[in-house]
Structure formats: structure tokens, C-alpha cells
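Sequential numbering from 1 applies to the sequence shown in the UniProt record's numbering.
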Amino acid sequence: MSDIKEGIQNHLLELQLEIDDIFAKGRDSVVSEVTIGQIYGGMRGLIALACNTSYVDPYSGLHISEYTTDEFSDKLPEEIFFLLSTGKFPDRKSLAEFQNDLSLRATIPQYTWNVLRSLHKDTHPMTMLSLGILSMENESVFKKEYQKGLKKSEYWEYTLEDAMNILAKLPGLAAGIYQIRFGDGNLIPHDSNLDWSGNLANMLGISNDKGFADLMRLYLVLHCDHEGGNVSAFTSRVVNSALSDLYYAVSAGLNGLAGPLHGLANQECLRFILEIHDKFGDDPDEDVLRAYILDILNSGKVIPGYGHAVLRVTDPRFTAFMNFGEANCASNHCFKIAKKLFSVVPDILIHYKGGKVANPWPNVDAMSGSLLNHYGLNEFDFYTVLFGVSRVMGFCAQNILALGLGQPIIRPKSVTNRWVLEKLTVPG
Ligand code: CMX
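Encoded structure:
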């Protein structure tokens, strides 16, 4: 048995013991109530899911297992996937075994390239990524084993197989999409001497600067997971809960990530910064910037990269990117503007609409695009693909653990207006 499989098996035993304890202490205890506002308002704040890969604290941000963003931001994505799915970092031997296993599975079938090359030239790269994964669905080991007859306790093992195959192919798939969509269509081959993010950086063929490979590593680490209730993770889990295999579930999650209120928001931030650059040059005066921000707010638009549904402080992932920028991209005009926005925007948002903005601080998207710009990756439409490559780690880990814990199909109850009205008029 591979070390990661053994690690997941042990983690599942620990998690199951915790759940047994929770159930023994109060399976029927009420921990959250739902208001009518929440029923009509996207179920915001409703506690209705258990997810043990990661959690987001409003004040300290993303945690994976017990580690804060500061504590894991220097790791490799492979170590992060290990942590998400086993609750522990791998030792050197386990890491090497895992990386070797991924490398052996990296080849992407020719029929996937045929599908991607046959699409309209303006097809969005996120459509290509989602389709690329879906095109390989016939490779699902879970599906084949399920058709033969599989015990429920074995679901996670074959889902792990699918996860390994999908993750192994992702850097090549994403880089191939970049070459087909924005380059000359020639694919740079996978290099088994490079790690997962090193391969992505190399196959993109954008920059030989070591900083670019370092940025890809950091980018893939910081976007890996964000609890279970966000649009893409939740979608992926709902689809997989029907025992649709991981290819269906990952593709579905990516379709959610492609929305402008979710993953696509990152490209808006760089567009915004470039607009500021076009209007006011490299080093805009802070008062001029303040007036511009107020104009945007008064016209009813939001300031991209600021605010968050859960966080109530500066996103620690923003801080990690900013530290990277200080060390590697300090002279870049976009980086300088992003920094200046950080010193101007929060103070405006704090007072805006009588303090209605729940979080005036920057999120991860406020900085990432400027760093990509520094290394010459300026195709905005590709940014969410990078986000997606990283976030698939979270989709895979969440689904493996949920299946390993025997979680059933997800099926909340919906109600009609008439039902709500009756509930309001009939006491009790
Ligand atoms: N600029 C202007 N107004 C903002 C704002 C911003 N950056 N962030 C929030 N507000 C406004 C909202 O539009 C809302 O106003 P109305 O009630 O008049 O519609 C009010 O403040 C309250 O919203 P909120 O509770 O603070 O924020 P939500 O949880 O509803 O939304 C988010 C969160 C991220 C969608 C929102 O802050 C936003 O649109 N930010 C800009 C886009 C962005 O950066 N998206 C990336 C999100 C990253 C991620 O999800 O990981």
C-alpha cells in the first residue's frame, strides 16, 4: 500500500472515532438554526456541512489541518495534497514516492488533445479545462470497479486512484490549454525530473526565471482549498455524493469556479490595476487614487480584490503573495499599484455605506494577478485555470474523505413560498 493511501486510511479511522464521539455526545443536538432570510439568501452562514480538509477562520484565515497559511505557504503542492487528505505532512520518503507515482501517471490521452484542438478558437480556457477532465471520464477506475461490484468501504480507495490520475495530468493539461489557446499549439513534454508545479511552470514556457517556478509553487499552494461550502467545492461534493466519479465531480466543480463571483474574480483585479495604470501611470498620487475609488463606488461598482464572505481581516494569502512580490517583483508597475491600493482602499471601504462592507480588507485576488503580470503571464482568461489546477486538490481530498466516512448522497429539502407563508401564519 502506498504511503498516501495508508495515511488516508489512518486519517479516516481518526475522523471516524471523532464522529462516533460526536454522535455519542449528541447526535440530535441543535447547532444551527435557519432563518427565512437564509433560505432565500444562498444559505449564507448556515452550518450544514462537515469538511475536515480545511477551515477558514474569519480572523486567521485558511487553516489546513492545524496549520495556518503562514505555516504551510513554503511547502510544495504535493505536500499540501498529502496534508489535505491525510491530515499530516509527508516525510521525505513518502513525498518522493507520491511524486514518483504522479510522474508515472502524467501522460494525457491523445483523444483529449483532439477534443481540445477541435474547439472554437475563442473557447474560454476554463471550458477547455473542464472539458479536458470530462473527456477522460472513461478512464475512471472507480466507475469500472463500481460496475464490477464494490463495497461501500472501498469507494474511497478507487476515488483516490482517480484523484491520482487527474492530479498527475493537470499541469500538462493546463499548460497544453495555454499553448493551444494562446501559443503556437506545440506542447512542451512533461519532465520527470521536475516536481508538480515545476512541470507546470516549464510546460507553460513563459519564463525561465526561477522566480516564475517559485510563483507557480506558491500559487498552487495558496489556492488549494477553502472549506466545503464555497461554490466549486460544494458542487464537486454534491456531484460525487451521487457516486458520479471524480472526473464528473472535478469538471462540475471547475464549472462553478469559472463564475465571476468565484474564481473568475481574480482576472478582474489585474484588469482594474491596468486601468489605473493607463489612467494615472506607474506611481499614482494617493489622493488621486482615493478620488478614483470613490467614483467607482458611487457608480455602484465593487472594488475588485476587496471584501470576503467569511474573512474579516486581510487574507493571509494576500500577505503571502505581497511578501513574494516584495522579494521578487518590487519594481513591477502593477505590483506597486496593488500595494498602493492596499494603503488606500480599506480606509474608504470601512466608512462606505455606513460601514456596510463586512470586510474592507484585501482578499487573495488583490495581489496574485500583479505577480503573474511581472513574469509575462498576461492572458487574464488563463488565471482561473491556474486557480483550478490548485483547487482540484481540495475537490479530490474532500471527496475521498467524504466517501471514506460513508457520507450519503446530499439532498437538502427545498420549500415553496406557499409553505413559508403558511409556516409564518400558523404558529409552531
Ligand atoms: N466594493 C464595494 N462594495 C462592496 C465590496 C467591495 N469590494 N465588498 C462588499 N461590498 C458591499 C456589497 O456589495 C454589499 O452591498 P449591497 O448590500 O448594497 O449589495 C455590502 O458591501 C455587504 O456585502 P458583504 O457582506 O460585505 O459581502 P458579501 O459577503 O455579500 O460578498 C464579495 C463578498 C467577495 C462577493 C464582495 O466583497 C465583493 O463583491 N468583492 C469584490 C469582488 C472580489 O474581490 N471577489 C473575490 C472574492 C474572493 C473569494 O471569494 O475567495
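Think of the CB as a built atom: it goes at the ideal place given N, C-alpha and C, for glycine as much as any other residue. The structure displayed is predicted, hence computed values, not measured ones.
N- and C-terminal bounds of the alpha helix (DSSP H) containing residue i
i: residue 26; result: 3-26
i: residue 277; result: 265-280
i: residue 195; result: Element bounds for residue 195: n/a, residue is neither H nor E.
i: residue 325; result: 316-328
i: residue 306; result: Where residue 306 is concerned, there is no enclosing alpha helix (DSSP H), given that its DSSP letter is neither H nor E.
i: residue 288; result: 286-298
i: residue 132; result: 125-135
i: residue 37; result: 36-40
i: residue 424; result: 417-425
i: residue 141; result: 141-148
Short Cβ contact (7 Å threshold) for residue i with residue j
i: residue 195; j: residue 371; result: no
i: residue 135; j: residue 115; result: yes
i: residue 317; j: residue 377; result: no
i: residue 269; j: residue 162; result: no
i: residue 368; j: residue 220; result: no
i: residue 197; j: residue 181; result: no
i: residue 380; j: residue 267; result: yes
i: residue 143; j: residue 245; result: yes
i: residue 297; j: residue 388; result: no
i: residue 179; j: residue 187; result: yes
i: residue 159; j: residue 400; result: yes
i: residue 84; j: residue 64; result: yes
i: residue 313; j: residue 55; result: no
i: residue 385; j: residue 174; result: yes
i: residue 375; j: residue 212; result: yes
i: residue 108; j: residue 172; result: yes
i: residue 230; j: residue 308; result: no
i: residue 315; j: residue 61; result: yes
i: residue 227; j: residue 396; result: no
i: residue 68; j: residue 398; result: no
i: residue 126; j: residue 177; result: no
i: residue 73; j: residue 330; result: no
Local Cβ density within 10 Å of residue i, reported as buried at 16 or more and exposed below that
i: residue 4; result: buried
i: residue 360; result: buried
i: residue 34; result: exposed
i: residue 48; result: exposed
i: residue 420; result: exposed
i: residue 138; result: exposed
i: residue 393; result: buried
i: residue 41; result: exposed
i: residue 232; result: buried
i: residue 111; result: exposed
i: residue 11; result: buried
i: residue 36; result: exposed
i: residue 356; result: exposed
i: residue 99; result: buried
i: residue 1; result: exposed
Closer than 7 Å to chain D by CB, residue i
i: residue 166; result: Within the model displayed, chain D is absent; a lone protein chain is all it includes.
Bounding residues of the beta strand (DSSP E) (the contiguous stretch that carries residue i)
i: residue 56; result: 54-57
i: residue 47; result: No beta strand (DSSP E) contains residue 47, which DSSP labels as neither H nor E.
i: residue 311; result: From DSSP, residue 311 is part of no beta strand (DSSP E); its letter is neither H nor E.
i: residue 62; result: 61-64
Contact test: residue i Cβ vs the ligand FAD heavy atom, cutoff 6 Å
i: residue 304; result: In terms of ligand content, the structure shown lacks the ligand FAD and carries the ligand CMX instead.
Secondary structure, alpha helix (DSSP H): runs of 4+ residues fully inside the stretch 69-121: DSSP runs (the alpha helix (DSSP H)) wholly in the stretch 69-121: 69-72, 77-86, 92-104, 110-117.
Contained alpha helix (DSSP H) runs [length at least 4] in the stretch 205-252, N- to C-terminal order: Note on the stretch 205-252: whole alpha helix (DSSP H) runs with a minimum of 4 residues are 210-222, 231-241, in chain order.
Within the stretch 332-413, ranges of the beta strand (DSSP E) (whole runs, at least 3 residues): As for any beta strand (DSSP E) of minimum length 3 sitting wholly inside the stretch 332-413, there is none.
Cβ pair count under 8 Å reaching 3, the stretch 249-268 against the stretch 231-239: Using a Cβ-Cβ distance cut-off of 8 Å, the stretch 249-268 and the stretch 231-239 are in contact, since at least three pairs of beta carbons, one from each stretch, lie closer than that value.
Residue ranges of each beta strand (DSSP E) within the stretch 153-195, 3 or longer: Counting only runs of 3 or more, we get nothing.
Segment contact flag, the stretch 395-408 with the stretch 279-288, C-beta cutoff 8 Å, min 3 pairs: When Cβ pairs closer than 8 Å are counted between the two stretches, the stretch 395-408 is seen not to touch the stretch 279-288, the count staying below three.
contact_flag[the stretch 20-34, the stretch 274-281] where n(CB pairs < 8 Å) is 3 or more: A contact is defined here as three or more CB-CB pairs under 8 Å, and the stretch 20-34 fails this definition with respect to the stretch 274-281.
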